[in-house]
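With my numbering as the guide, the letters of the sequence shown map in order to residues 241 to 454.
For each residue, glycine too, the CB sits at the ideal point set by N, CA and C.
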Amino acid sequence: MTTESDITPSAADRHHPMLKLALELGPLLIFFFANLRGPWLVERFPALSELGGPLFVATALFMAATVISLIVSKVVLGHLPIMPFVSGIVVVIFGSLSIYLQNETFIKMKPTIVNALFGVALLGGLAFGKSLLGYVFNAAFQLDAEGWRKLTIRWGIFFLFLAVLNEVVWRNFSDDFWIAFKVWGTMPITIIFTLAQMPLIMKHTVTPAGETEN
């Protein structure tokens, strides 16, 4: 099994951009829908009641959707993107613990752990002179060393911010609010942050060797 580690997207990534987006967002949307319509799902599939309440049913379906998305990614795109792969491992481990122990804390802390892990990895890598951001995002651009350093610092801090934000939300608000925020809050925040980095990216973009600017 291999994971995507090239900062330049593969041909499959470029040919299937919507599929890649669906594979990343699909499991989250299923998680949101399953929690919202938990009683309806249990009514139609009584076996799901063995899992526990709506959040546990949603967690089980989230786990299944995550595994399926990784399999499809491997078969169609030819690789496992590092970020979804690591996140998927944490989903399966903590989701299983949540259902087995009937303790919602494990699945609620999953975003905290994943975001903190990436934040520490990015900032820690810089301490050793390594910019790991390209390996995490499979970026579609080439930057000079200073650009990667600055962008890595920003994303490292942003991941730590998301980790703290998840802790604040799940510890102080309802389950429904937390799940809705995961889908409709975290994603827009991430998109806005990503767009805000475009000036830095444009400033430090370099032309890959062997290519010429038009």
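Residues that residue i bridges to, as DSSP identifies them
i           : result
residue 345 : Partner(s): none; residue 345 has no beta bridge.
residue 392 : DSSP, once it has assigned bridges, lists no residue as partnering residue 392.
Where residue i sits in the DSSP three-state scheme
i           : result
residue 259 : helix
residue 383 : strand
residue 402 : helix
residue 277 : coil
residue 475 : Residue 475 lies beyond the residue range present for the chain, which begins at 241 and ends at 454; the question has no answer from this structure.
residue 378 : Because the pLDDT of residue 378 is 47, which lies under 50, any placement of that residue in the model is unreliable, and the question is left without a value.
residue 285 : coil
Limits of the unbroken alpha helix (DSSP H) element including residue i
i           : result
residue 421 : 415-424
residue 294 : 294-312
residue 443 : 438-444
Residue i versus the options, residue with shortest Cα-Cα distance
i           : options            : result
residue 370 : 386, 357, 356      : 386
residue 297 : 330, 431, 270      : 270
residue 268 : 345, 351, 390      : 351
residue 403 : 391, 422, 389      : 422
residue 442 : 417, 431, 382      : 382
residue 259 : 289, 308, 272, 279 : 308
residue 303 : 266, 407, 368      : 266
residue 276 : 431, 418, 425      : 418
residue 264 : 317, 416, 388      : 317
residue 426 : 388, 345, 406      : 406
- Message: Any contact between the stretch 282-298 and the stretch 312-325? By contact I mean 3 or more CB pairs, one from each, below 8 Å.
- Response: no
- Message: With a threshold of 8 Å, are at least 3 pairs of Cβ atoms found where one atom belongs to the stretch 356-371 and the other to the stretch 392-403?
- Response: yes
- Can at least three beta-carbon pairs, one atom from the stretch 320-335 and one from the stretch 276-294, be found at a separation below 8 Å? no
- Message: Would you call the stretch 404-413 in contact with the stretch 433-446, where contact means no fewer than 3 C-beta pairs closer than 8 Å?
- Response: no
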